[in-house]
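In this note's numbering, the protein residues as written are 43 to 396.
And the structure:
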């Protein structure tokens, strides 16, 4: 049997199974474990640095036109999280499609994407439910990592019968090759150029996943391409990272920003041992949350250091990795040159220049 015949038969099985999932009408509504509550709102806003007073101050909320305290719209998913150790319900379309593709050998995930719509603010005390449907299945697609399938589910969050938020969640699952040769030194080094001159033989050209760029974050990634860390400046002059939608500006205007010195200290870090990450040939590696001199915190890889030597408070400096244009038709990899930022230990001169 030819490879094309096998691929076509597999595709037929997947599409037929997807039709059954879609025709089933999706999942039943599942209630969150707790009503919307102020303690969780405080934990969430503190973790991401959101200081909007309408989430904690009745007075501020009423001055802003609300009837009382409101919850951050982006917390919609928080209220219906299952909790550690819980399993998906048998009618959950995300779980069903994952099982279908796993059974056909598409066991790995290379990319996900979320598009959310918030219809209104929710309020403490409200009970939230979630239901999901399968909206789209596309494949097979050729990716840099092998044959893959895209599928999209849509989540609906409701208070009573009112939809308060919805989210399209798109995932690409691919079939790992039976054998995977280690990249040669020449292939691994490729044409990746580090702004600090450090070696880049731990990254494979065309395999490192590109960041997702939106209208709200384009100024930041344009800055990275120019070897700048641009920090969003809010309407009141304070600084914010990650960027938030600049609702105080017309959509045709660019958000205001300041350019960071790139210097900071390690606020927290983790050492990643497994699983393997597309595009990386060397493990373990360190991901550090860095507190910049400007007062905001930013997450990125900490390079050129033994993980055992990393410590809280370590001075670091930004660096930039210029990726060449990449072949391939899949949008997750793209064709235009791009740049990734990272951290490295600061030199004595860089520490002294603070």
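Ideal placement from N, C-alpha and C gives every residue a C-beta, glycine not left out.
Roughly how many angstroms lie between the CA atoms of residue 380 and residue 358, to the nearest whole one? 23 Å
Are at least three pairs of beta-carbons, each pair with one atom in the stretch 64-81 and one in the stretch 166-178, less than 8 Å apart? yes
Leaving out the 5 sequence neighbours to the left and right, which residues in its chain are closer than 8 Å to residue 154 when beta-carbon positions are compared? 211, 212, 213, 214
Judging by CA-CA distance, which residue of 201, 349, 282, 300 is the nearest neighbour of residue 315? 349
Quick check on the DSSP output: the alpha helix (DSSP H) that includes residue 61 runs from which residue to which? 45-65
Would you please state the rounded distance, in angstroms, between the beta carbons of residue 234 and residue 245? I believe it to be under 8 Å. 6 Å
Closest by CA to residue 114, which one among 318, 280, 161, 366? 161
Quick one, which of 75, 383, 158, 122 has its alpha-carbon nearest residue 265's? 383
Rounded to whole angstroms, what's the CA-CA distance from residue 130 to residue 263? Just pull it up for me. 36 Å
Residues sharing a beta bridge with residue 383, DSSP: 362
Reducing DSSP to helix, strand and coil, say where residue 305 ends up. strand
Using a threshold of 8 Å, state whether the C-beta atoms of residue 259 and residue 285 are closer than that. yes
Quick one: is residue 64 near chain C, going by C-beta distance under 8 Å? Given the protein chain composition of this structure (a single chain), no chain C is represented.
Under a three-way DSSP split, which group does residue 231 fall into? A caution first: residue 231 carries a pLDDT of 43, below 50, which makes its placement in the model too unreliable to give a value.
Can you name the start and end residues of the beta strand (DSSP E) that residue 206 belongs to? 204-216
Can you give me the C-alpha to C-alpha distance between residue 208 and residue 158, rounded to a whole angstrom? 6 Å
Cβ-based burial, residue 143 [other Cβ within 10 Å; buried from 16]: buried
Can you check whether the CB of residue 52 is closer than 8 Å to the CB of residue 146? yes
Identity of the residues DSSP links to residue 311 by a beta bridge: 330
Check this for me: beta carbons of residue 216 and residue 194, under 8 Å apart or not? no
Length of the line joining the Cα atoms of residue 390 and residue 138: 55 Å
If you drop the 5 nearest sequence neighbours on each side, which residues of the same chain put their C-beta closer than 8 Å to that of residue 106? 96
Cutoff 6 Å; reference residue 77; Cβ partners in own chain excluding five residues on either side: 167, 169
Local Cβ density within 10 Å of residue 227, reported as buried at 16 or more and exposed below that: Only weak support exists for where residue 227 lies, its pLDDT of 42 falling under 50; the coordinates are left without a value.
Short check: CB of residue 171 to CB of residue 71, under 8 Å? yes
Measure the C-alpha to C-alpha separation of residue 202 and residue 121 and round it to an integer number of angstroms. 14 Å
Hey, could you find the ends of the beta strand (DSSP E) residue 199 is sitting in? 188-201
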